[in-house]
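So the sequences go chain by chain: C and S. By our numbering, the letter at position 76 of the first sequence is numbered 315, and the numbering carries on one by one without gaps. By our numbering, the letter at position 5 of the second sequence is numbered 569, and the numbering carries on one by one without gaps. Beneath this line is the structure, given in structure tokens, with notes to follow.
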Amino acid sequence: MQCSDVREKLSAYLEGIVSAEEKPLIDEHLKVCERCSESLADLKKALELVRNLEEVEPPPWMTQKVMARVRSETEVKRGILQKIFYPLHIKLPIEALAVIFVALMSVHVYRTMQPEMKLIEAPLEEAKLRALSEEKEEIPAADKGKPTGQFLVAEKRAKHRAEYRAPAKAMKPEPAAPSAGAVVRDELEAKAPPSKLRLARVGRGREGISLTVNVKAIEAASEEIEEALVQLGGKIIKKEHSQDKSLITAELDSERVEKLSEKLRSIGELKEKAPAYEAREGTMKVNIRIEIIKTAPHP
Amino acid sequence: MSFDEGTNCLAGLSNGIRGMKQPIEDGDHEFVSLCKKGDVEAFEVLVKKHQKAMFNIAYRMLGSYDEASDVVQDAFISAYRGIKGFKGRAKFSTWLYAIVMNLSKNRLKQLRTKVHHEKYSIDNPMPMDEGRAHGEPASGEPSALERLEKKDIQQKVQDCIGSLDEEFREVLVLRDIQGFSYDEIGDVLKVPEGTVKSRLFRARETVRDCLKMLMGDLYHAVQ
Numbered sequence: 240m241q242c243s244d245v246r247e248k249l250s251a252y253l254e255g256i257v258s259a260e261e262k263p264l265i266d267e268h269l270k271v272c273e274r275c276s277e278s279l280a281d282l283k284k285a286l287e288l289v290r291n292l293e294e295v296e297p298p299p300w301m302t303q304k305v306m307a308r309v310r311s312e313t314e315v316k317r318g319i320l321q322k323i324f325y326p327l328h329i330k331l332p333i334e335a336l337a338v339i340f341v342a343l344m345s346v347h348v349y350r351t352m353q354p355e356m357k358l359i360e361a362p363l364e365e366a367k368l369r370a371l372s373e374e375k376e377e378i379p380a381a382d383k384g385k386p387t388g389q390f391l392v393a394e395k396r397a398k399h400r401a402e403y404r405a406p407a408k409a410m411k412p413e414p415a416a417p418s419a420g421a422v423v424r425d426e427l428e429a430k431a432p433p434s435k436l437r438l439a440r441v442g443r444g445r446e447g448i449s450l451t452v453n454v455k456a457i458e459a460a461s462e463e464i465e466e467a468l469v470q471l472g473g474k475i476i477k478k479e480h481s482q483d484k485s486l487i488t489a490e491l492d493s494e495r496v497e498k499l500s501e502k503l504r505s506i507g508e509l510k511e512k513a514p515a516y517e518a519r520e521g522t523m524k525v526n527i528r529i530e531i532i533k534t535a536p537h538p
Numbered sequence: 565m566s567f568d569e570g571t572n573c574l575a576g577l578s579n580g581i582r583g584m585k586q587p588i589e590d591g592d593h594e595f596v597s598l599c600k601k602g603d604v605e606a607f608e609v610l611v612k613k614h615q616k617a618m619f620n621i622a623y624r625m626l627g628s629y630d631e632a633s634d635v636v637q638d639a640f641i642s643a644y645r646g647i648k649g650f651k652g653r654a655k656f657s658t659w660l661y662a663i664v665m666n667l668s669k670n671r672l673k674q675l676r677t678k679v680h681h682e683k684y685s686i687d688n689p690m691p692m693d694e695g696r697a698h699g700e701p702a703s704g705e706p707s708a709l710e711r712l713e714k715k716d717i718q719q720k721v722q723d724c725i726g727s728l729d730e731e732f733r734e735v736l737v738l739r740d741i742q743g744f745s746y747d748e749i750g751d752v753l754k755v756p757e758g759t760v761k762s763r764l765f766r767a768r769e770t771v772r773d774c775l776k777m778l779m780g781d782l783y784h785a786v787q
């Protein structure tokens, strides 16, 4: 075995990990080769010095410092996690609040939108109702100051207000007082047949009918008409008499209006035709204003 | 210290440590399991248990007490962060030493770029005076053996270790200072056993030559 071969294996030889074939060869060589033996001794000494290196003690604060860093990291991590997942702790209340919020918003939106939706149909409805209202306001000037007439109009207006509330009212202010134009509108309304819508609408309150009867003797006719009203179950609200004119305001079931009309025709000349109330529309109280006018004697 | 460079090795270390065909008996297993569940106190036990070995590895690799302290702290923090990824295919200590070894090598690279310190390099040996190291006493003064205190000898040994290239230094530290088996060294460094041996033998020869050169005749006088 050559010196170079032996020196390459000296470290393994020291550790005893050379092969069984190589070991006797190296042993033989070391016995005869002083340089290789010296090299082995030097290597052994170096290894001894390295292995005898004293262990160095870590700084006493090492554990404390490491753990302080670990704990601070853990706290930061927990802090972040808590921030992220904190809402989960109050998940249900948040959902409940969300539901309540949505419900309140829905109600609010509905209440806000509703008058606007009604405003769309308001012009048509309002026109009809206003005409109906003015029908009542067409009471002669003599009646206007009296409580009964005012009550009828006020009642009507109150019902309108209840139905259409402020926005509708704001859009179309109610007439402050009957005017000349009201008569024109009344005439237009009179020409139009009583619509189902109108009856239904008025049915909630009271329908107003104005009839004019031409008679020869006012007093007798008035008595007959009053008697007929009582017979038909009507309620006389007001009676007014003048020299050639008499006015009876009464309240009557709608289904008996037709019979009253017949009675009035038998008493005198009935100018207007009373509206026909259908039974399916239900019974309702109708305010009837009967104007009895004395006819001029024939020449 | 590039902390990320060290921590990036963790995944590879935990999964790539070789030669773990059978379940390993690890005395740290219980504490490691507790750590994975977030038990900080269990981690403290592991720190106390392994800090000395960790510190010595780092110190022998870096040759600086302060640098070793920083590296060991970073290694423990890195281990704590990555402990959930530790699969237990190797011993926890092996995994831990691999972390500190990687961080030490990264630190060495950084230091090397800052200071080209080749004071006792084999290629550029320190100036010698007639074959004796500096400080050789004149005749008549107290014997060299008496003067050369143990601490000085140890410093010279450390200097010689420090003169080795990283790949030789790490095997010498793990085998001859820490007493790891070749198998464990292979696991830590992720190199074959044959490579470990060849590097180790080369490292020993280099250290032998370095010490002979530094200590001169005193080399043989040291008991």
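Where is the CB? At the ideal position from N, CA and C, for every residue including glycine.
- [ ] Taking 8 Å as the cut-off, decide whether the C-beta atoms of C:LEU486 and C:LEU499 are in contact.
- [x] no
TODO: Give the interface partners of S:ARG772 over in chain C, defined as CB-CB distance under 7 Å, in chain order.
DONE: ASP281, LEU282, ALA285, listed in chain order.
Task: Length of the line joining the Cα atoms of S:ARG768 and C:GLU314 - done: 47 Å
TODO: Assign S:GLY649 to one of three DSSP states: helix, strand, or coil.
DONE: helix
Task: Straight-line gap, S:LEU667 to S:VAL635 (C-alpha atoms, nearest Å) - done: 6 Å
Open item on the list: Can you pull the chain C neighbours of S:ILE749, defined as C-beta to C-beta under 9 Å?
Closed with: The contact set of S:ILE749 on chain C, defined by CB atoms closer than 9 Å, is empty, because the minimum CB distance reaches about 13 Å.
Task: Cα-Cα separation between C:SER243 and S:LEU736, rounded to whole angstroms - done: Taking the straight line joining both Cα atoms gives about 22 Å.
Open item on the list: My assumption, with CB atoms under 8 Å, is that S:VAL752 sits in contact with S:LEU738. Please give the rounded CB distance.
Closed with: 6 Å
Task: For S:ASP592, three-class secondary structure by DSSP - done: coil
- [ ] Measure how close the beta-carbons of C:ARG528 and C:GLY447 come, nearest whole angstrom, since I'm counting them as under 8 Å.
- [x] By a beta-carbon distance limit of 8 Å, C:ARG528 contacts C:GLY447. Their separation comes to about 7 Å.
Open item on the list: With a threshold of 8 Å between beta-carbons, can S:GLN615 be considered close to chain C, or not?
Closed with: Residue-level contact by beta carbon holds for S:GLN615 and chain C, with a gap shorter than 8 Å.
TODO: From the DSSP output, in three-state form, read off C:LEU509 for me.
DONE: strand
Open item on the list: Considering Cα atoms alone, identify which of S:SER762, S:MET665, S:VAL760, S:GLY750 is closest to S:ASN620.
Closed with: S:MET665
TODO: Would you mind sorting C:VAL469 into buried or exposed? The rule is 16 or more other CB atoms within 10 Å of its CB.
DONE: exposed
Task: Cβ distance (whole Å) where S:HIS741 is taken to contact S:VAL771 below 8 Å - done: For clarity, residue 741 of chain S is Ile in the given sequence; the question names His instead. Not quite, the Cβ-Cβ distance comes to about 11 Å (not below 8 Å), so this is no contact.
TODO: If I'm right that C:HIS268 touches C:VAL289 with Cβ under 8 Å, what's the distance once you round it to whole angstroms?
DONE: That pair is no contact at about 25 Å.
Task: Neighbour flag for C:ALA251 against chain S, beta carbons, 8 Å - done: yes
Task: Which of helix, strand or coil DSSP assigns to C:VAL469 - done: helix
Open item on the list: Are the CB atoms of S:GLN718 and C:GLU261 within a distance shorter than 8 Å?
Closed with: no
Task: Beta-carbon neighbours of C:PRO298, restricted to chain S and to distances below 7 Å - done: SER633
Open item on the list: For C:ASN453 and C:GLU465, what's the separation of their Cα atoms in angstroms?
Closed with: 15 Å
Task: Contact set for S:LYS600: own chain, Cβ-Cβ below 7 Å, skip 5 residues either direction - done: ILE647, LYS648
Task: Distance CB(C:GLU511)-CB(C:LEU471) smaller than 8 Å - done: no
Task: According to DSSP, residues forming a beta bridge with C:LYS524 - done: C:ASP492
TODO: Would you please verify whether the beta carbon of S:ASN670 is less than 8 Å from any beta carbon of chain C?
DONE: No, because no Cβ of chain C sits closer than 8 Å to the Cβ of S:ASN670.
- [ ] Report the rounded CA-to-CA distance for S:ARG645 versus S:GLU594, giving the unit in angstroms.
- [x] 18 Å
TODO: Have a look at the DSSP bridge pairing and note the partners of C:LYS477.
DONE: C:THR488
Open item on the list: If I measure Cβ to Cβ from C:LYS533 and keep anything under 6 Å in the same chain, skipping five residues before and after, which residues do I get?
Closed with: ILE457, ASP483
Open item on the list: Helix, strand or coil, according to DSSP, for C:ILE448 in the structure here?
Closed with: strand
Open item on the list: Which residue marks the beginning of the alpha helix (DSSP H) containing S:MET618, and which one marks its end?
Closed with: 604–626 is the span of the alpha helix (DSSP H), which, as asked, contains S:MET618.
- [ ] Check C:VAL295 in the structure and name its three-state DSSP category.
- [x] coil
Open item on the list: Between which two residues does the alpha helix (DSSP H) holding C:PRO263 run?
Closed with: 261–271
Open item on the list: Going by C-alpha to C-alpha distance, which of S:LYS655, S:VAL604, S:MET625 sits closest to S:PHE732?
Closed with: S:MET625
- [ ] Return the CA-CA distance between C:TYR252 and S:GLY750, expressed in angstroms with no decimal places.
- [x] Roughly 21 Å separates the two Cα atoms.
- [ ] Determine the DSSP secondary structure at C:ILE498, reduced to helix, strand or coil.
- [x] The residue you asked about is not Ile; residue 498 of chain C is Lys in the sequence shown. Of the three classes helix, strand and coil, the one that applies to C:LYS498 here is helix, per DSSP.
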